[in-house]
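See below for the structure under consideration.
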Amino acid sequence: MSFGKGCHLHLIDGSAFIFRAYHALPPLTRKSDGLPIGAVSGFCNMLQRYVEGNAGGDVTHVAVVFDKGSHTFRNEMYDQYKANRDEMPEDLRPQIPLTRAATEAFNIACKEIEGFEADDIIATLACRAREAGGRVTILSSDKDLMQLVGDGVEMLDPMKNRRIDREGVLEKFGVEPDRVVDVQALAGDSVDNVPGAPGIGIKTAALLINEFGSLEALLDRAEEITQPKRRQTLIEHRAQIELSKRLVQLDCGMDLPFTLDDLEVREPEPDTLLGFLAEMEFRTLSKRIADALGAEPPVVMDTDPRGTEVEGPAEVPFTPEAYECVRDMDALQLWVERITERGYVAVDTETTGLNEMQADLVGICLAVEPGAACYIPVGHKAGGADDLFGSYALIEGQLALDDVLALLKPVLEDAAILKIGQNMKYDAKILARYGITVAPIDDTMLMSYAMNAGLHGHGMDALAERYLGHTPIPIKELIGSGKAQITFDRVDIDTATRYAAEDADITLRLWQRFKPQLHQTRVTTVYETLERPLVPVLAAMEMAGILVDRQVLSRMSGAFAQKMAQLEDEIHGLAGEKFNVGSPAQVGEILFERMGLEGGKRGKTGKYSTPADVLEDLATMHDLPARILDWRQVSKLKSTYTDALQDHIDPDTGRVHTSYLQTGASTGRLASTDPNLQNIPIRSEEGRRIREAFVAPEGKVLLALDYSQIELRILAHVAGIDALKEAFRDGQDIHAMTASEMFDVPMDQMTPDIRRRAKAINFGVIYGISGFGLARNLRIPRSEAQGFIDRYFERFPGIRGYMDETIGFAKEHGFVQTLFGRKIHTPEINAKGPGAGFAKRAAINAPIQGTAADVIRRAMVRMPAAIAGLPATMLLQVHDELLFEVDEEAADKVIAVAREVMEGAAEPAVRLDVPLIVDAGRGANWAQAH
DNA sequence: GTCATCACG
DNA sequence: GACGTACGTGATGACC
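Quick note: the first sequence uses the UniProt record's numbering, first residue 1, plus one each step.
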């Protein structure tokens with residue numbers, strides 16, 4: 001129904017509801033984890049009473065409106081606005097987002113707009129509804145809203161159940177509703193810290209307004225006032241009074257990203273609502289609402305006295321003995337039928353190792369419902385030590401691998417059957433080597449990451465423990481650890497069945513739990529666009545690998561070994577004794593005790609600390625620390641790169657296959673392991689040469705495309721820094737521009753040193769700058785560094801605001817968000833002590849780093865389709881860079897296509913105020929491509 | 001296994 | 001007024 005005559009709109013002041021609920025109830029906590037939940041409970045009860053009370057009434061549209069952000073346009077006018085408000089109580093803060101979730105669960109429109117008070121949204125909606133000819137009831141007792149009353153707009157105090165109409169307002173303010181702001185402007189408001197006119201309260205104000213007709217008339221004709229004191233006050237404080245009026249005047253003309261029609265009353269969806277209530281563990285309310293909806297009351301988890309969750313009666317217990325070991329094709333066929341009927345299955349593979357390029361399949365597990373899981377052994381072996389040839393033979397009674405795969409392949413590739421895994425990339429890569437392309441997939445690890453990044457890890461053991469109250473069988477119990485470790489194919493089949501099938505069972509249970517939560521926590525888009533589709537892309541990159549020239553590395557290793565030996569002799573000579581240069585403890589001992597150099601600081605283990613910057617300072621006084629630094633550099637390059645990389649060259653492909661952790665970094669960045677190809681040296685000339693070992697095969701070239709200054713560009717956008725935006729749009733040297741602005745040096749007189757300082761500050765801002773950090777980085781006194789920062793904030797206003805808003809948001813919600821909606825939780829943000837400093841800086845950095853990470857993820861997801869048909873393969877991602885291997889002739893074409901994808905990756909979801917620019921290079925090796 | 005160090009963005 | 005600080009990662013060798 002389109003909103004118009006005959007419609008009745010209810011506007012609920014959500015923030016007022018929350019505070020009422022909070023103060024009305026004792027501090028309840030959720031049993032299972034101690035989460036404070038009192039206000040949410042009260043809030044839900046109020047919503048339920050509201051819904052019951054209006055059943056069958058004439059209300060056609062309704063919205064619950066909340067405040068959002070601590071900084072509003074009123075703070076721009078008057079920085080003291082609401083400045084005397086107490087901090088939100090610690091135990092209320094985590095409940096705030098839950099009240100939003102509660103509103104959604106009741107299927108009531110939930111509205112909030114960053115940087116606006118609920119009152120302004122309510123005012124705008126009320127005005128629009130009135131203009132459209134409808135009726136409005138505002139459920140609140142806030143006197144600030146009384147200015148809206150009249151012409152079909154009423155208020156209702158939900159606590160006292162008292163209507164407030166024109167008479168009610170007259171009674172309270174002594175004037176008509178349209179003059180309420182005038183009275184408030186004069187009387188001020190100590191709660192909101194609106195100054196008003198000193199010495200004038202509501203009574204006097206009403207008297208004056210009624211006499212002169214309006215505030216403006218009163219102020220213009222203030223000379224006519226007979227009482228000298230009053231006259232003087234009004235004349236003297238005219239500006240303050242006018243400011244007060246602007247502060248109390250509600251904004252009826254906001255731009256809203258929704259219409260009245262969007263607020264139409266909707267029936268709650270029983271599953272969603274009851275699911276939410278069960279999650280909150282509200283037993284009584286769940287029952288009441290289930291009755292009202294005519295639905296089954298949900299099972300609410302119960303807890304034991306230690307606070308760990310145990311399953312409610314409806315949960316299926318874990319019974320490893322019940323898992324089926326599939327040993328004949330008929331049994332397997334039955335599983336295929338069960339899966340096909342259901343349309344989804346949890347899958348887990350067991351292999352001989354963790355390297356997907358080398359490991360062999362040992363067995364496959366399937367689960368279709370809690371407790372119903374099977375294990376299909378295909379590669380268990382026995383024999384060995386006592387065997388004449390030291391070889392192993394397949395154990396009897398297992399299905400043939402080929403038969404199993406032939407039967408499962410159609411299921412695993414069936415577009416109508418969802419395959420659920422925990423870290424599905426691993427299983428997909430294994431199965432890919434057996435000719436199976438697993439799709440479509442869901443991944444519980446990624447679901448957990450999308451919902452809870454920053455809160456906890458996302459490995460299966462941690463998730464099972466936390467969400468199922470179950471400790472899985474540790475793999476160590478099967479294969480041992482250390483030197484005595486065996487491979488999974490040597491594990492006894494019955495034992496393997498209990499362990500392996502349990503993993504599939506757990507995965508299925510986690511999936512059932514997480515699936516509805518994605519929506520409730522509003523990360524469905526993140527999961528569906530940034531996580532799920534990335535899995536096959538990363539799998540393909542990892543399997544492609546990059547060609548590494550062993551000879552180049554080996555030669556470098558040799559040269560490094562010589563150099564180290566030389567340096568070692570020199571170092572021992574300078575020190576006058578032999579010691580282990582690789583031992584920081586011994587280095588500290590030599591430098592600070594034997595040689596008596598100044599400035600030794602002990603770390604928490606009591607040993608001297610000898611990091612590079614300390615040694616660099618000492619290097620001005622003595623040759624020894626300088627040589628130690630040289631040694632360390634060479635040692636690092638040799639051990640971590642030229643030696644270790646050779647061990648990672650795959651014997652079959654001759655290439656290096658890294659593994660990307662999609663859930664490794666809380667910000668949304670990837671992490672690379674085994675080996676880490678995201679930290680190959682580039683900054684030092686010597687280290688950079690290691691990149692010459694990363695090569696393209698004959699006839700091909702490597703392409704490197706990297707985003708230029710992406711994090712600074714995102715900062716300019718999110719903090720709304722016009723000067724930075726303009727500089728980026730004009731393609732200026734951003735650090736030089738910053739330097740020019742800060743140090744008043746014209747661009748044509750810029751020196752490298754001034755630019756260097758500005759660059760450090762630009763980066764510092766992204767990291768949540770501190771005077772201490774900048775001072776250390778630039779090696780200048782702390783006071784000077786602080787001066788730079790102050791000037792930066794002065795010259796680029798908006799940065800400060802961004803930082804404060806971000807920290808405020810984190811304190812209120814417990815997380816921050818990227819432009820694409822990724823959540824990064826900041827559980828330490830309300831801690832006190834040094835942890836709070838860390839958390840604040842991390843909170844400032846996370847949306848910037850995370851948005852950049854989202855952008856390149858979007859580019860990666862789109863890339864395969866964009867370069868399909870071109871002779872090109874995407875090989876590596878290094879945070880802001882993508883590396884490709886392409887046929888030489890196609891290089892130009894691929895650069896053009898890939899650049900377009902990368903530069904347009906934010907769109908259409910986000911339209912940045914600054915262009916994203918991608919630089920490209922090509923060459924026979926990675927060093928040249930840069 | 002933890003710490004210190006250092007490689008990258 | 002003191003605290004103790006740049007953000008995010010992974011690999012290595014030393015040492016317990």
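C-beta atoms are modelled at their ideal positions from N, C-alpha and C, and glycine is treated no differently.
As the structure is a prediction and not an experimental result, all values here were calculated from the model.
Shortest Cα-Cα distance from residue 526 to any of 576, 451, 591, 233 involves 451. Taking residue 150 as reference, the option from 75, 596, 409, 164 with the minimal CA-CA separation is 164. In this structure, residue 231 and residue 223 form a Cβ contact; the two beta carbons are roughly 7 Å apart against a cut-off of 8 Å. When the Cα atoms are used, residue 510 and residue 15 turn out to be separated by approximately 34 Å. Contact between the stretch 656–666 and the stretch 539–551 is present, with at least three C-beta pairs closer than 8 Å. Here residue 379 is not near residue 340, since their CB atoms are 9 Å or more apart. DSSP places residue 157 in the strand class (E or B) of the three-state scheme.
DSSP, reduced to helix, strand and coil, places residue 244 within a helical segment of the structure shown. Note on geometry: alpha-carbon atoms of residue 644 and residue 633 lie some 15 Å from one another. In terms of Cβ geometry, residue 882 and residue 876 form a close pair [threshold 9 Å]. Per DSSP, the unbroken beta strand (DSSP E) holding residue 877 starts and ends at 872–877.
A check of alpha carbon separations from residue 158 across 417, 444, 45, 130 identifies 45 as the nearest. Rounded to whole angstroms, the separation of the alpha carbons of residue 414 and residue 358 is 26 Å. For residue 270, the enclosing alpha helix (DSSP H) stretches over residues 270–280. Counting only the Cα atoms, residue 325 lies some 44 Å from residue 820. If you draw a straight line from the Cα of residue 905 to the Cα of residue 818, it comes to about 15 Å.
Along the stretch 663–712, the beta strand (DSSP E) occurs as fully enclosed runs of 3 or more residues at 671–673, 700–707, listed in sequence order. For residue 39 against residue 92, the beta-carbon gap comes to about 6 Å, under 8 Å, which counts as contact. Cβ neighbours of residue 437 within its own chain (closer than 7 Å, five residues either side excluded): 413. For residue 51, the uninterrupted alpha helix (DSSP H) run begins and ends at 38–54, by DSSP. Cα atoms of residue 360 and residue 802: separation of roughly 51 Å, rounded to the nearest angstrom.
Here residue 672 is buried. Its C-beta has 16 or more other C-beta atoms within 10 Å. Judged by DSSP in its simplified three-state form, residue 152 adopts coil rather than helix or strand.
Ranked by Cα distance from residue 704, the first of 253, 343, 430, 896 is 896.
Beta-bridge pairing by DSSP links residue 351 to 361. Listed as beta-bridge partners of residue 817 by DSSP are 823.
Distance from the CA of residue 268 to the CA of residue 276, rounded to the nearest whole angstrom, comes to 12 Å. Residue 198 and residue 187 have their alpha carbons spaced roughly 8 Å apart.
Contiguous beta strand (DSSP E) elements confined to the stretch 437–505 occur at 441–443, taking only those with 3 or more residues. About 6 Å separates the Cβ atoms of residue 880 and residue 856, confirming a contact at the 8 Å cut-off. The beta carbon of residue 663 lies closer than 7 Å to those of 445, 446, 449, 458 in the same chain, with the five residues before and after it left out. Around residue 782, the same chain offers 771, 772, 775 as residues with beta carbons nearer than 7 Å, after the five sequence neighbours per side are excluded.
Between the alpha carbons of residue 788 and residue 684 lies a distance of about 28 Å. Around the Cβ of residue 177, a 10 Å sphere holds 16 or more other Cβ atoms; the residue is buried. Residue pairing by DSSP puts residue 601 in a beta bridge opposite 609.
For a cut-off of 8 Å, the C-beta gap from residue 323 to residue 373 is around 5 Å, short enough to register as a contact.
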